[in-house]
Amino acid sequence: MYGQYNESLVSLLNPFGKEITKITIKIDEILGLVKTVESVNQSLTDIQERCHKIDDFVNKFAGYQQNINQKHNSLAKIIEEQEENSINANFSNSQFKLYCLIKGQKYNLNQLIEIAKYISKKNKNIKKPGWQEKRSIKRMIFWFDRNWVSIVPSIDHYIEGTFNSDTESD
Numbered sequence: 010m011y012g013q014y015n016e017s018l019v020s021l022l023n024p025f026g027k028e029i030t031k032i033t034i035k036i037d038e039i040l041g042l043v044k045t046v047e048s049v050n051q052s053l054t055d056i057q058e059r060c061h062k063i064d065d066f067v068n069k070f071a072g073y074q075q076n077i078n079q080k081h082n083s084l085a086k087i088i089e090e091q092e093e094n095s096i097n098a099n100f101s102n103s104q105f106k107l108y109c110l111i112k113g114q115k116y117n118l119n120q121l122i123e124i125a126k127y128i129s130k131k132n133k134n135i136k137k138p139g140w141q142e143k144r145s146i147k148r149m150i151f152w153f154d155r156n157w158v159s160i161v162p163s164i165d166h167y168i169e170g171t172f173n174s175d176t177e178s179d
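In this text, residue positions in the sequence shown follow the working numbering: the first is 10, and each later residue adds one.
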């Protein structure tokens, strides 16, 4: 008698067992998805932490770059002052300035550049003044003094207005 009850009980529970198995499979799938979501969330948290670290490095680098720029600017100022000081030291003993005082001449920067162009055309051994020399009168006068021995004849012709064969041939 118990055998019949067992068989009928098994036959009654059998469809429920299949449903329970299906539900168990669905629960396992849901748990797998939950683990995937947790893993994705952890990955996002890791990415955000790395982004913060990158931002920190970028900010540090910007600070370093600003510090480098400030040091570069101060170094450029120091070099400029040293150049000016060396030019000033030589400026008081300037042969060109003495020459201009004797001749009673005063020149602005553009005139000095024109004189230098004329002289370097006349004498190919003299290097033309560079952009640094052309920045200030003191630098141009220093250029004249450095080349003084070579430029005296040409500067006389230019300053006195006797351009030699250049103006005569025109």
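Ideal placement from N, C-alpha and C gives every residue a C-beta, glycine not left out.
Leaving out the 5 sequence neighbours to the left and right, which residues in its chain are closer than 6 angstroms to I122 when beta-carbon positions are compared? Along the sequence shown, one-based indexing puts residue 122 at 113. The residues are K143.
Take the Cβ of D55 as the centre, count every other Cβ of all protein chains shown within 10 Å, and call the residue buried at 16 or more, exposed below. Within the sequence shown, the letter at position 46 stands for residue 55. Exposed is the call here.
Can you tell me whether P24 is buried or exposed, with buried defined as 16 or more other CB within 10 angstroms of its CB? Here residue 24 is taken as the residue at index 15 of the sequence shown, counted from 1. The residue is exposed, with fewer than 16 neighbouring Cβ atoms inside 10 Å.
Distance between I29 and I36 (C-alpha atoms, nearest Å): The sequence position of residue 36 within the sequence shown is 27, counting from 1. The sequence position of residue 29 within the sequence shown is 20, counting from 1. Note on geometry: alpha-carbon atoms of I36 and I29 lie some 10 angstroms from one another.
Contacting residues, own chain, Cβ-Cβ under 7 angstroms from I164 (five flanking each side not counted): Sequence index remark: in the sequence shown, residue 164 carries index 155 (1-based). By the criterion of a C-beta distance shorter than 7 angstroms, I164 is surrounded in its chain by I124, I128, once the five residues flanking it on both sides are discounted.
Considering only the beta carbon of each residue, do N132 and I111 sit closer than 8 angstroms? Along the sequence shown, read from residue 1 onward, the residue named residue 132 stands at position 123. Along the sequence shown, read from residue 1 onward, the residue named residue 111 stands at position 102. At least 8 angstroms separates the beta-carbon of N132 from that of I111.
N134: which of N50, W157, I146, N117 sits nearest, CA to CA? On the sequence shown, position 125 is the one that residue 134 refers to. The option with the nearest alpha carbon to N134 is W157.
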